[in-house]
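Counting in this note's numbering, the sequence shown runs from 639 upward without gaps.
Quick reminder that beta carbons are idealized off the backbone N, C-alpha and C, glycines included.
These numbers were taken from a predicted model, which means no experiment stands behind them.
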Amino acid sequence: MLKGLLFDLDGVLTNSAKFHLTAWNNLAKELGIHLTDAQLDSLRGISRMDSLNLILKYGGQEDKYSEAEKEKFAAEKNAKFVEQVETMTPKDILPGIPELLADAKKQNLKMVIASASKNAPKILTRLGIMDEFDGIVDPATLHHGKPDPEIYEKAQEIAGLKANEVISFEDAKAGVESIKAAGQFAVGIGDKELLKEADYIVPSTADLKLSEIEKVFEEK
């Protein structure tokens with residue numbers, strides 16, 4: 639029986655993912671690394687340091703910088719991202735999400751954020767939906783990034799539920815893999831081929847209908 643919903647943040651509840659990708663792309667250029675669209679897209683849903691290490695790998699610069707230098711790069715990127723976050727308003731909530739959250743509230747479903755972003759509380763506050771959620775996974779407590787299941791297992795733990803009692807929402811391949819590794823029902827938002835491991839896929843958040851997702855969830 640469905641008792642809770644677990645959400646990634648960037649690209650699922652709001653379009654802050656574009657701010658992340660722009661900030662990472664600008665940093666990569668400063669380091670003399672030119673990312674392809676596919677390489678940039680692969681940064682979705684993974685942690686800050688994992689993203690930076692991947693960029694350096696793409697540029698053949700894995701061993702060029704010390705950990706202290708990497709921390710400095712990550713901090714610079716985050717400062718630029720936060721500048722963009724400060725411009726966000728409730729208008730930046732993606733289509734279909736307000737209705738989905740309202741339907742979940744009517745059913746008294748637990749709702750938890752499973753995002754690798756350390757800025758999740760700030761973003762949710764800017765969007766005006768912080769109070770809708772029962773908890774947020776603290777990325778500082780995580781030892782492994784997506785596609786490892788840890789973040790979704792922690793979100794499930796915060797909700798106080800079992801794997802077969804939750805539905806989790808993601809827009810990234812690594813995120814869907816994380817959900818499935820945690821033994822949960824995955825809703826993928828975006829490209830059908832990229833997110834093919836998900837149990838239910840929609841092209842955009844505007845297509846999310848809780849009643850329809852629940853039907854498939856109950857059949858599984």
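| Asked | Found |
| --- | --- |
| With 16 other CB atoms within 10 Å as the buried threshold, where does Leu841 fall? | Looking at the sequence shown, residue 841 is not Leu but Pro. That one is exposed. |
| Buried or exposed: where does Asp837 fall if 16 or more other Cβ atoms within 10 Å of its Cβ makes it buried? | buried |
| According to DSSP, which residues form a beta bridge with Phe807? | Phe645 and Val825 |
| Using a Cβ cut-off of 9 Å (strictly closer), state whether Glu700 contacts chain C. | Protein chains in the displayed structure number just one, and chain C is not present. |
| Since Ile751 and Ala742 should fall inside the 8 Å C-beta cutoff, what is the C-beta to C-beta distance between them, to a whole number of angstroms? | The Cβ separation is near 13 Å, so there is no contact. |
| With Asp648 and Gly734 assumed to form a contact (beta carbons below 8 Å), what rounded beta-carbon distance in angstroms separates them? | About 16 Å; that fails the 8 Å criterion. |
| Can you tell me where the beta strand (DSSP E) with Tyr838 in it begins and where it stops? | Tyr838 to Val840 |
| Could you give the C-beta distance for Tyr696 and Gln722, rounded to a whole number, given that I count them as a contact under 8 Å? | Their Cβ separation, rounded to whole angstroms, is 23 Å, which puts Tyr696 and Gln722 out of contact at 8 Å. |
| Under the rule that 16 or more other beta-carbon atoms within 10 Å means buried, what is Val854, buried or exposed? | exposed |
| With Val750 as the anchor, note down where its alpha helix (DSSP H) starts and where it stops. | Here Val750 belongs to no alpha helix (DSSP H); instead the beta strand (DSSP E) covers Lys748 to Ile751. |
| List, from N- to C-terminal side, the alpha helix (DSSP H) runs of 4 residues or more that fit wholly inside the region 757-795. | 758-765 |
| Taking Cβ to Cβ, would you say Glu835 is nearer than 9 Å to Val804? | no |
| Alpha helix (DSSP H) containing His658: first to last residue? | Ala655 to Glu668 |
| Where do the ends of the alpha helix (DSSP H) carrying Asn691 lie? | Arg686 to Tyr696 |
| Looking at the unbroken alpha helix (DSSP H) that takes in Asn716, where does it start and where does it end? | Glu705 to Val723 |
| Counting C-beta neighbours from all protein chains within 10 Å, is the total for Ser704 16 or more, i.e. buried, or is it exposed? | exposed |
| Could you give the C-beta distance for Arg682 and Asp809, rounded to a whole number, given that I count them as a contact under 8 Å? | 7 Å |
| For Ile735, does the three-state DSSP call read helix, strand or coil? | helix |
| I'd like the list of long-range same chain contacts for Lys760, defined as Cβ closer than 8 Å, with 5 residues on each side in sequence excluded. | Val720 and Val723 |
| Please classify Thr843: does DSSP put it in a helix, a strand, or coil? | helix |
| Can Ile789 and Leu780 be called in contact, C-beta distance under 9 Å? | yes |
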